[in-house]
Amino acid sequence: MKVFAVFGTRPEAVKMCPLVLELKKHKEIECLVCLTGQHREMLSQVMETFGIKADYNLDIMRNRQTLTTVTTDILERLEPVLYREMPNVVLVHGDTTTSYAAALAAFYRQIPVGHVEAGLRSGDIYSPFPEEMNRLMTDRIATYHYAPTEQNRRNLLSEGIAGNIYVTGNTVIDAFSYTVKKNYIFQNAKLKHVSFWKRRIVLVTAHRRENLGQPLISICQGIKRLSREYPDVDFVYPVHLNPAVREAVYAVIDNIPNIFLTEPLNVPDMHNLISRCYLIMTDSGGLQEEAPAFGKPVLVLRTETERPEAVTAGTVKVVGVDEAAIYQEAKKLLDNPDAYRQMAQAINPYGDGHASERIAEALLALK
Ligand code: UD1
Ligand code: UDP
């Protein structure tokens with residue numbers, strides 16, 4: 002069976018690499034990897050971590066790329082590759098434009114698609130944008146749905162997607178076995194200066210398209226206010242390479258002694274930072290899944306989430322992008338040990354670290 006895994010951004014790579022390594026263990030499966038290259042540096046960081054060499058790289062990234070060019074470049078460049086390889090299954094992941102365009106390209110060649118991380122829904126097609134529509138359309142195209150949780154399965158059933166749903170857990174938990182180490186030494190130079198044992202660390206990330214512009218500035222202003230009020234707390238913010246993100250972040254919170262702005266961290270640095278920090282403030286999807294496993298409270302810098310499991314469990318709270326709300330919610334967790342303890346529970350609704358094996362089993366059963 003020839004399985005063709007197509008992915009192109011950092012979060013897809015973090016979650017697909019453990020699966021690729023699992024599939025490569027099975028001699029009945031020939032697993033090929035095709036990168037779209039929607040991301041470049043941030044993608045190669047992850048590939049290096051997992052030691053995976055891609056069979057193809059469509060290399061589509063452009064500076065300040067648009068959704069249209071990402072979509073059309075993938076469709077055009079993937080078609081001849083699929084024609085040459087004619088795999089039995091194309092695997093895509095999650096909700097990026099790579100996921101949707103690759104699924105569509107496979108559909109045009111009538112190749113069945115397996116969707117890893119199927120069934121997540123925010124219920125608003127404009128938030129996150131364009132991810133909610135990307136995953137809706139990818140699930141519609143896919144023949145096989147690998148849903149991380151029961152809730153994700155129910156979402157699919159409610160849309161009339163009935164067959165071939167496998168509840169597997171999220172492969173992001175599988176990734177920890179490659180990245181998280183007890184006596185880990187950070188590789189990023191700035192992290193070497195962070196006193197994890199003396200000071201509380203707040204980890205911040207933000208990059209979502211709907212937050213670009215004023216919402217991101219408001220987020221940064223909230224962080225700035227917190228950094229002034231809490232000189233005993235360090236804020237670590239690995240800044241996404243999107244120029245629109247960098248311009249806003251560096252304009253508002255550069256050169257503040259207790260704010261460490263870093264380049265994107267490699268995955269081992271990031272996962273070990275999550276495991277050691279005090280609190281996370283983020284608009285990332287992946288961090289909402291990773292943090293609960295380490296008992297780290299997450300304040301979500303968005304107005305919704307497609308990951309309600311951790312909200313129900315009490316470790317994730319949606320706070321929006323308003324400066325005052327961000328400041329107040331973080332203040333609560335920094336000042337009130339009881340409020341902190343209530344959120345800092347090591348709860349992991351996203352699986353037992355064996356999601357990749359379940360997906361491999363499901364694929365092998367198709368033979
Ligand atoms: C993309 C995904 C988003 C995901 C995010 C993870 C879409 C529409 N968006 O958003 O769902 O949450 O990745 O990070 O699929 N850039 C670089 N080097 C890199 C990566 C990006 O320079 O390695 C810059 C480029 O100028 C690029 C820009 O960032 O044009 C935006 O990249 P893009 O993939 O379009 O959007 P993201 O915000 O990264
Ligand atoms: N990540 C990383 N380095 C960073 C920021 C994030 O390795 O500097 C990892 C993070 O741990 C998670 C994934 O990248 O596994 C999430 O990516 P991102 O936030 O860019 O995308 P999203 O999950 O929001 O789609």
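When we follow our numbering, the leftmost residue of the sequence shown carries the number 2, and every step to the right adds one. Note that CB positions come from ideal geometry on N, CA and C, so glycine has one too. Predicted model only: the values in this text are computed from it and were never measured.
Secondary structure note for Met282: its beta strand (DSSP E) is the uninterrupted segment Leu280 to Thr283. Listed in chain order, the non-local C-beta contacts of Asn259 below 7 Å within the same chain comprise Ser228, Pro232, Val234, Asp235 and Phe236, local neighbours out to five positions each way being set aside. For Ile75, no beta strand (DSSP E) segment is defined; the enclosing uninterrupted segment is the alpha helix (DSSP H) at Leu68 to Glu86. Going by C-alpha positions, Val71 is about 10 Å away from Glu77. Linking Pro239 to Tyr251 through their CA atoms gives a straight-line distance of about 12 Å.
Under the three-state reduction of DSSP, Lys25 is assigned to coil, being neither helix nor strand.
The count of Cβ pairs closer than 8 Å, one atom from the segment 90-100 and one from the segment 151-158, stays below three, leaving the stretches out of contact. In this structure, the straight-line span from the alpha carbon of Met2 to that of Ile202 is close to 47 Å.
Residues Val47, Val173, Ala176, Val268 and Gly287 of the same chain have their beta carbon placed closer than 8 Å to that of Val15, with the five preceding and five following residues left out of the count. A distance below 7 Å between beta-carbons, with the five flanking residues on each side excluded, links Met43 to the following residues of its chain, in chain order: Arg11, Leu242 and Pro265. By the neighbour-count criterion, in which 16 or more other beta carbons inside 10 Å mark a residue as buried, Lys28 falls on the exposed side.
In the displayed model, Pro12 falls within a helix according to three-state DSSP.
Set against 7 Å, the gap from the CB of His208 to the closest heavy atom of the ligand UDP is smaller. Under DSSP, the beta-bridge partners assigned to Glu31 are Lys3. For Ile61, the secondary structure class from DSSP, reduced to helix, strand or coil, is coil.
In this structure Ala55 is not in contact with Leu79, their Cβ atoms being roughly 13 Å apart against a cut-off of 8 Å. Under the three-state reduction of DSSP output, Thr263 falls in the strand class. Under the three-pair Cβ rule at 8 Å, the segment 183-201 does not count as touching the segment 211-221. Counting along the chain, the unbroken alpha helix (DSSP H) around Val173 starts and ends at Thr172 to Thr180.
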